[in-house]
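Colleague: If you read the sequences in order, they're chains Z and B.
Mapping to numbering that gives the first Met the number 0: the first sequence position 139 is 138, numbers consecutive.
Mapping to numbering that gives the first Met the number 0: the second sequence position 1 is 0, numbers consecutive.
For reference, the structure I am asking about is given below.
There are 2 protein chains.
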Amino acid sequence: MKQVAILGLSYFGSAVLDELLDMDVDILIIDKDREVLDRYRDTVSAAIGMDVINQEALEKTLPKHIDAVVIDMGKNIEASILAASYCNKLGVGTIIAKAETDAHGEILELVGATKVVFPNREAAKRIVPQIVSSLVLNYLPVGGNLVIAEVEIPEFFIGKTVLELDLRKKYGLNLISVRSVDTEYRLFMPDYRFQEKDIALVSGTETDVDRFAGRLEKEQSSKGFINSIKELFNKK
Amino acid sequence: MKQVAILGLSYFGSAVLDELLDMDVDILIIDKDREVLDRYRDTVSAAIGMDVINQEALEKTLPKHIDAVVIDMGKNIEASILAASYCNKLGVGTIIAKAETDAHGEILELVGATKVVFPNREAAKRIVPQIVSSLVLNYLPVGGNLVIAEVEIPEFFIGKTVLELDLRKKYGLNLISVRSVDTEYRLFMPDYRFQEKDIALVSGTETDVDRFAGRLEKEQSSKGFINSIKELFNKK
């Protein structure tokens with residue numbers, strides 16, 4: 000069974016613990032705060048009260064050959080850097096650390112974190128395009144200039160099948176999944192016929208997704224559907 | 000131009016501001032802390048020092064018909080709830096609030112937040128499957144039982160085209176994009192031929208993705224590729 004230690008149970012550490020509890024792994028939690036440990040003591044393999052910036056204590060406490068360590072010291076940036084550095088010296092293979100700023104993330108990488116997580120920044124990247132364009136509901140930058148976005152389907156999609164619309168060829172978009180306003184995402188077949196209020200999850204370059212969402216928004220209100228369809232189809 | 004106000008510049012609020020600065024929107028920031036305001040004063044339309052739990056002051060300060068408000072009071076949960084409630088009473092259409100716990104999120108929705116964001120929990124959901132399975136590099140729950148995951152391609156993919164492998168039919172997976180270890184995601188054509196060390200971004204049900212990643216991991220080491228391919232192809 001894999002062994003994972005969570006050093007620090009601030010918001011991210013606790014969220015990781017909640018997720019790990021559903022999995023078949025051996026969990027060790029370490030925190031200075033005895034109240035926090037007591038809250039989780041019955042659900043984990045071991046709950047140890049100690050300060051992770053004590054290198055010797057950490058070395059004695061962490062099992063040899065532990066598979067992964069998750070570090071979240073909350074606002075205590077120095078402690079998270081020291082903990083990542085110590086775990087690196089101890090030869091831990093996977094060191095996941097939470098960072099709040101670019102500088103913090105850079106230092107964590109320098110001292111040996113194998114993965115730095117920026118929860119607040121990642122959430123911001125998803126939410127901001129949603130504020131700016133009302134047609135794009137949710138937006139996730141994947142890397143390069145590729146994004147995954149939730150898009151309300153334009154009205155002329157209704158009644159057409161996925162195959163007929165050929166989103167990839169006509170708009171450069173890859174259809175990942177479809178849902179209705181009040182249901183969850185599901186697998187779909189190429190003969191799926193779009194229905195009123197469907198929401199599509201698509202991937203594509205930022206430009207293609209923005210153009211698709213932005214253009215439709217503008218043209219639907221100003222020139223009506225016929226022109227908007229014509230323009231879109233002539234685009235490529 | 001759209002008008003957006005950020006109430007509170009804790010980690011999430013600042014990250015949203017960083018993203019919004021690249022966009023064509025009018026930004027107003029409000030915080031009690033003058034030092035924080037000074038840091039951003041030159042980059043926004045207005046920086047106002049006030050306590051958002053003063054309903055009258057907030058009403059006087061927020062422009063009428065503001066498009067969206069982003070609320071991040073850090074650890075001050077009561078302030079974020081009051082701010083969301085006041086914005087709701089003022090008729091703000093989009094109220095995005097950061098929450099740390101389920102209870103906090105529920106209350107924010109009750110008092111009128113239109114979208115509640117859980118950055119730490121969302122990051123945890125992505126990172127945990129990655130700890131547990133080494134073949135799945137990165138993992139994003141989309142809704143329902145659908146997930147998007149980064150997967151190292153198995154060796155027998157190398158040299159085959161996307162069309163030949165027919166991931167959708169054979170594994171229930173939708174290929175979103177492909178990258179090499181050291182490049183970023185890009186658009187691909189159906190005749191793309193997989194190369195050594197390629198990483199694929201796929202979507203599918205949690206079960207299909209886990210089975211794909213988990214099975215391959217096990218069978219590659221124990222029975223070699225031929226059997227593993229046979230088994231996978233007989234699966235459906």
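The beta-carbon is built from N, C-alpha and C at its ideal position, and this holds for glycine as well.
Does any CB atom of chain Z fall closer than 9 Å to the CB of threonine 182 of chain B?
Modeller: Interface residue, yes.
Colleague: Just how far apart, CA to CA, sit valine 180 of chain B and leucine 200 of chain B?
Modeller: The alpha-carbon atoms of valine 180 of chain B and leucine 200 of chain B are separated by roughly 12 Å.
Colleague: To the nearest angstrom, report how far apart isoleucine 76 of chain Z and valine 177 of chain B are at their CA atoms.
Modeller: Taking the straight line from one Cα to the other gives about 35 Å.
Colleague: Consider the Cβ of alanine 67 of chain B: report whether some Cβ of chain Z lies at a distance smaller than 9 Å.
Modeller: Yes, alanine 67 of chain B counts as interfacial toward chain Z.
Colleague: Which of helix, strand or coil does DSSP assign to leucine 166 of chain B?
Modeller: If DSSP states are grouped into helix, strand and coil, leucine 166 of chain B belongs with the helices.
Colleague: Give the interface partners of arginine 120 of chain Z over in chain B, defined as CB-CB distance under 7 Å, in chain order.
Modeller: The contacting residues are Ala14.
Colleague: Where serine 20 of chain B and isoleucine 47 of chain B are concerned, what is the direct C-alpha to C-alpha distance, given to the nearest angstrom?
Modeller: A small fix is needed here, since residue 20 of chain B is leucine in this sequence, not serine. For leucine 20 of chain B and isoleucine 47 of chain B, the distance between alpha carbons rounds to 17 Å.
Colleague: Report yes if the CB atom of leucine 6 of chain B is closer than 9 Å to the CB atom of aspartate 30 of chain B, and no otherwise.
Modeller: In contact: leucine 6 of chain B and aspartate 30 of chain B (Cβ atoms closer than 9 Å).
Colleague: Mind pulling the chain Z residues with CB within less than 8 Å of arginine 185 of chain B?
Modeller: In chain order: Gly143, Leu145.
Colleague: Would you tell me roughly how many angstroms separate the C-alpha atoms of lysine 59 of chain B and glycine 92 of chain B, rounded to the nearest one?
Modeller: Taking the straight line joining both Cα atoms gives about 17 Å.
Colleague: Quick one: is valine 35 of chain Z near chain B, going by C-beta distance under 9 Å?
Modeller: Taking Cβ atoms only, chain B never reaches closer than 9 Å to valine 35 of chain Z, which makes this a no.
Colleague: Whole angstroms are fine: how far does the CA of isoleucine 65 of chain Z sit from the CA of leucine 166 of chain Z?
Modeller: About 46 Å.
Colleague: Can you tell me whether glutamate 2 of chain Z is helix, strand or coil according to DSSP?
Modeller: As written in the sequence, residue 2 of chain Z is glutamine, which differs from the glutamate given in the question. Three-state DSSP puts glutamine 2 of chain Z in a strand.
Colleague: Kindly list, in the order they appear in chain Z, the residues whose Cβ is closer than 8 Å to that of isoleucine 130 of chain B.
Modeller: Within 8 Å Cβ-Cβ: Lys1, Val3, Leu19, Val24, Asp66, Ala67, Val69, Thr93, Ile95.
Colleague: Along the beta strand (DSSP E) that carries asparagine 151 of chain Z, what are the first and last residues, could you check?
Modeller: Reading the sequence as shown, one finds glutamate at residue 151 of chain Z and not asparagine. Residues 145-151.
Colleague: Under 8 Å Cβ-Cβ, which residues of chain B neighbour glutamate 99 of chain Z?
Modeller: Tyr10, listed in chain order.
Colleague: Give a yes or no on whether the minimum CB-CB distance between isoleucine 106 of chain B and chain Z is below 9 Å.
Modeller: No - not a single Cβ of chain Z is within 9 Å of the one on isoleucine 106 of chain B.
Colleague: From phenylalanine 211 of chain B to aspartate 41 of chain B, what does the alpha carbon distance come to, in whole angstroms?
Modeller: Cα to Cα, the separation comes out at about 51 Å.
Colleague: Apply the 10 Å Cβ neighbour rule to leucine 16 of chain B and answer buried if 16 or more other Cβ atoms are within range, or exposed otherwise.
Modeller: Buried: at least 16 other Cβ atoms inside 10 Å.
Colleague: Quick check: the Cα distance between isoleucine 70 of chain B and glycine 12 of chain B, rounded to an integer number of angstroms?
Modeller: If you take the alpha carbons of isoleucine 70 of chain B and glycine 12 of chain B, they lie about 7 Å apart.
Colleague: For alanine 82 of chain B, which beta-bridge partners are listed by DSSP?
Modeller: According to DSSP, alanine 82 of chain B bridges with nothing at all.
Colleague: Does the segment 95-111 of chain B come within contact of the segment 96-111 of chain Z, defined as at least 3 CB pairs closer than 8 Å?
Modeller: No, they do not touch.
Colleague: Mark glutamate 105 of chain B as exposed unless 16 or more other C-beta atoms lie within 10 angstroms of its C-beta, in which case mark it buried.
Modeller: That one is exposed.
Colleague: Let me know the secondary structure DSSP gives alanine 98 of chain B once reduced to three states.
Modeller: Residue state, collapsed to three classes: coil.
Colleague: From the DSSP output, in three-state form, read off alanine 46 of chain Z for me.
Modeller: Of the three classes helix, strand and coil, the one that applies to alanine 46 of chain Z here is strand, per DSSP.
Colleague: Alpha carbon to alpha carbon, what distance is there between aspartate 190 of chain Z and glutamate 205 of chain B?
Modeller: So the alpha carbons of these two residues sit roughly 23 Å apart.
Colleague: Using the Cα positions of methionine 72 of chain Z and serine 79 of chain Z, report the straight-line distance between them to the nearest angstrom.
Modeller: Roughly 5 Å separates the two Cα atoms.
Colleague: By the DSSP assignment, the beta strand (DSSP E) with isoleucine 28 of chain Z in it spans what residues?
Modeller: Where isoleucine 28 of chain Z is concerned, the enclosing beta strand (DSSP E) stretches over 24-30.
Colleague: In the structure shown, what three-state DSSP assignment does isoleucine 175 of chain Z receive?
Modeller: DSSP places isoleucine 175 of chain Z in strand when its eight states are reduced to three.
Colleague: Just checking: is the beta-carbon of glycine 90 of chain B within a distance shorter than 9 Å of some beta-carbon in chain Z?
Modeller: Taking Cβ atoms only, chain Z never reaches closer than 9 Å to glycine 90 of chain B, which makes this a no.
Colleague: Is there at least one Cβ from chain B nearer than 9 Å to lysine 124 of chain Z's Cβ?
Modeller: Judged by the 9 Å Cβ criterion, lysine 124 of chain Z is in contact with chain B.
Colleague: Counting only beta-carbon atoms, is threonine 204 of chain Z nearer than 9 Å to chain B?
Modeller: With 9 Å as the cut-off, threonine 204 of chain Z counts as an interface residue toward chain B.
Colleague: Please list, in chain order, all residues of the same chain as alanine 83 of chain B whose beta carbon is under 7 Å from its beta carbon, the five residues on each side excluded.
Modeller: Ile70, Ile94, Ala96, Leu107, Val110, Gly111, Ala112, listed in sequence order.
Colleague: Which one of Z:Arg120, Z:Phe156, Z:Leu174 has the shortest CA to CA distance from arginine 192 of chain Z?
Modeller: With distances taken between Cα atoms, arginine 192 of chain Z lies closest to Z:Phe156.
Colleague: Quick check: what's the CA-CA separation for valine 43 of chain Z versus isoleucine 28 of chain Z?
Modeller: Whole-angstrom Cα-Cα distance: 7 Å.
Colleague: Excluding the 5 residues preceding and the 5 following glycine 203 of chain B in the sequence, name in chain order all residues of the same chain whose CB lies nearer than 6 Å to its CB.
Modeller: Counting only Cβ-Cβ distances below 6 Å, and skipping sequence neighbours, we find Gly171, Leu172.
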